[in-house]
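Chemist: The structure is given below, and queries will be raised subsequently.
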Amino acid sequence: MILVWVETEAGGLSEISLETLAFARSLAEAGGGIAIRAVLFGEVEDHEAASRELGAHGVGEVRQVVGEAFTSYAAAAWAAALQELRASTGSVVVTAAGSQRGNEVLAHLAARLDVPMAANVVSFDGLAPFVVTRQVVGGAAFEEMRLDRRPALFTVAGHSWTAVEVSDPAPATWVEERPEVAPADLLARVVATRTKAADGADDLKTAKVVVGAGRGAGGPDGFGAVAELAELLGGTVGVSRVVTSLGWRPHHEQVGQTGSRIAPDLYIPCGISGAIQHWAGCASSKTILAINTDPEAPMMTKATYAVIGDMHEVVPAIVDELRARR
Ligand SMILES: Cc1cc2nc3c(=O)[nH]c(=O)nc-3n(C[C@H](O)[C@H](O)[C@H](O)COP(=O)(O)OP(=O)(O)OC[C@H]3O[C@@H](n4cnc5c(N)ncnc54)[C@H](O)[C@@H]3O)c2cc1C
């Protein structure tokens, strides 16, 4: 059995958890058809819709953990519940999204069970023993890990798997669980949450096309053609930290380790060197078309396609060509 903690957001299932289910399914198939069971914490607005969606992503049964202790986030209590469910289901693997909470709760679980955990896994390369590859340094490097004890605990890096529905979906069976919680597991719990006002960063994280600009833009007035190209391609603008630090563009447009992680179909970084901290935020882009005067810039050597040239000539030329074709 593979136990997958599926996170909820805004009453629905989180995208990164659906990606985690794709990872779990692949593991289940490689293991000869191991069953997948999902765990949800707290309230779910529409049980039927959730059980249909989970069934469509390969889950046979859902355990919804309910009770006063689970209405708000408490890492130790949630780990205790997962520990109980792991034991009662005899699961050999427990997985969760490589989110802040996923990593925190599974680390608690690993400590409680005294078993290994691999965080931010992107692929698995062996089952006996488990061998996985995981992202480190914000996605700028990868490590291969061997886990010599079971159950194995994994969190799955965002955007490393694609959520795909099964061909013959059936709604997952729904079971409620009310685990006992020790007072010690509730010593740290969330008592209030404030949501930041929307600022455009969400658009950047989900955009299919991002046109990026860095110091090569030359100043706050150097982004006209970049913004125009983004608009023509139905995308959005993303920038390097130099650009936000200099106040040329707002922080919510920053891509990178201390900005947004993006995974567009197409990323066009213009005048961006591709420093490791920037790469950490754009490495999941499916295609990268870099524009830079320096052919040796790291971004140019890593890109799918590279144009050696001045962005102030190349980007307007692309814009003109796109306009002419339309
Ligand atoms: C803790 C920490 C966190 C960080 N987090 C981030 C982060 O989240 N995101 C981020 O981006 N950076 C981050 N940085 C900064 C990072 O290290 C780099 O300094 C930054 O990414 C460089 O930005 P840049 O590529 O725009 O500038 P530069 O490195 O100065 O590169 C400019 C590039 O533009 C090219 N160029 C110049 N003129 C033109 C032109 N006319 N046409 C075409 N190309 C031209 C140059 O050849 C060069 O490659 C972080 C740094 C630290 C220490």
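For the sequence shown, counting from 1, position 65 maps to 66 in the numbering used here; every step adds exactly one.
We put the beta carbon where it would ideally sit given N, CA and C, even for glycine.
Computed from a prediction, not measured in an experiment: that's the story for all the values here.
#1: Please check the pair T163 and A23, which I expect to be a contact at CB under 8 Å, by giving their CB distance rounded to whole angstroms.
#2: From W249 to G236, what does the alpha carbon distance come to, in whole angstroms?
#3: Please name the residue in R216, T245 and V211 whose C-alpha comes closest to that of E229.
#4: If you follow the alpha helix (DSSP H) that W79 is part of, which residue opens it and which one closes it?
#5: Taking its Cβ as the centre, do 16 or more other Cβ atoms sit within 10 Å of E20, making it buried, or is it exposed?
#6: Where do the ends of the beta strand (DSSP E) carrying P317 lie?
#7: Unbroken alpha helix (DSSP H) runs of length 4 or more, entirely within the region 236 to 282: which are they?
#8: Is it true that the region 167 to 176 meets the region 52 to 71, where meeting means three or more beta-carbon pairs spaced less than 8 Å apart?
#9: With hydrogens ignored, establish whether the beta-carbon of I263 is closer than 7 Å to any heavy atom of ligand 1.
#10: How should V182 be labelled, buried or exposed, when 16 other C-beta atoms within 10 angstroms of its C-beta is the threshold for buried?
#11: Which residues end up in the neighbourhood of ligand 1 when you take C-beta atoms closer than 5 Å to any of its heavy atoms?
#12: List in chain order: all unbroken beta strand (DSSP E) runs of 3+ residues lying wholly within the region 160 to 233.
#13: What is the rounded straight-line gap between the Cα of L4 and the Cα of N121?
#14: Quick check on the burial criterion: 16 or more other C-beta atoms within 10 angstroms. Buried or exposed for Y306?
#15: Between which two residues does the beta strand (DSSP E) harbouring E145 extend?
#16: So what does G13 bridge to, in DSSP terms?
#17: Starting from the Cα of Q101, find the closest Cα among E8, R135, F125 and R38 and give me that residue.
#18: To the nearest angstrom, report how far apart R324 and Q136 are at their CA atoms.
#19: Quick check: the Cα distance between L188 and E44, rounded to an integer number of angstroms?
Modeler: Taking the structure as given:
#1: Along the sequence shown, read from residue 1 onward, the residue named residue 163 stands at position 162. Along the sequence shown, read from residue 1 onward, the residue named residue 23 stands at position 22. T163 to A23, Cβ: 6 Å. Contact.
#2: Taking the first residue of the sequence shown as 1, we reach residue 249 at position 248. Taking the first residue of the sequence shown as 1, we reach residue 236 at position 235. Rounded to whole angstroms, W249 to G236 spans 20 Å at the Cα level.
#3: In the sequence shown, counting from the first residue as 1, residue 229 sits at position 228. Comparing Cα-Cα distances from E229 to each of R216, T245 and V211, the minimum goes to V211.
#4: Along the sequence shown, read from residue 1 onward, the residue named residue 79 stands at position 78. Residues A76 to T90.
#5: Within the sequence shown, numbered from 1, the residue matching residue 20 stands at position 19. With 16 or more Cβ atoms within 10 Å of its Cβ, E20 is classed as buried.
#6: The residue given as residue 317 occupies position 316 in the sequence shown. Run containing P317: none in the beta strand (DSSP E); it sits in the alpha helix (DSSP H), M312 to R326.
#7: Here the runs fully enclosed are 242 to 246.
#8: Contact annotation: the region 167 to 176 touches the region 52 to 71, with at least three C-beta pairs closer than 8 Å.
#9: Here the question's residue 263 lines up with position 262 in the sequence shown. Relative to the non-hydrogen atoms of ligand 1, the Cβ of I263 never comes closer than 7 Å to any of them.
#10: Position 181 of the sequence shown, counted from the start, is the residue given in the question as residue 182. By the neighbour-count criterion, in which a residue is buried when 16 or more other Cβ atoms sit within 10 angstroms of its Cβ, V182 is buried.
#11: Chain-ordered list of matching residues: G215, R216, G217, S241, R242, V243, G257, Q258, T259, G260, G272, I273, S274, A276, Q278, H279, N293, T294, D295, A298, D311 and M312.
#12: Counting whole runs of 3 or more residues, the region 160 to 233 contains the beta strand (DSSP E) stretches 174 to 178 and 210 to 214.
#13: Within the sequence shown, the letter at position 3 stands for residue 4. Within the sequence shown, the letter at position 120 stands for residue 121. Those two C-alpha atoms are separated by around 17 Å.
#14: Position 305 of the sequence shown, counting from 1, holds the residue named residue 306. Result: exposed.
#15: For the purposes of this step, residue 145 is taken as residue 144 along the sequence shown, with counting starting at 1. It spans A142 to L148 - the beta strand (DSSP E) in which E145 sits, taken as one unbroken run.
#16: Position 12 of the sequence shown, counting from 1, holds the residue named residue 13. Looking at the DSSP output, G13 bridges to E10.
#17: The residue labelled residue 101 in the question sits at position 100 within the sequence shown. Closest in alpha carbon position to Q101, among E8, R135, F125 and R38, is E8.
#18: As a working mapping, residue 324 is identified with position 323 in the sequence shown. As a working mapping, residue 136 is identified with position 135 in the sequence shown. Straight-line measurement puts the Cα of Q136 at about 40 Å from the Cα of R324.
#19: What you label residue 188 is simply residue 187 of the sequence shown in a count that begins at 1. What you label residue 44 is simply residue 43 of the sequence shown in a count that begins at 1. Cα to Cα, the separation comes out at about 22 Å.
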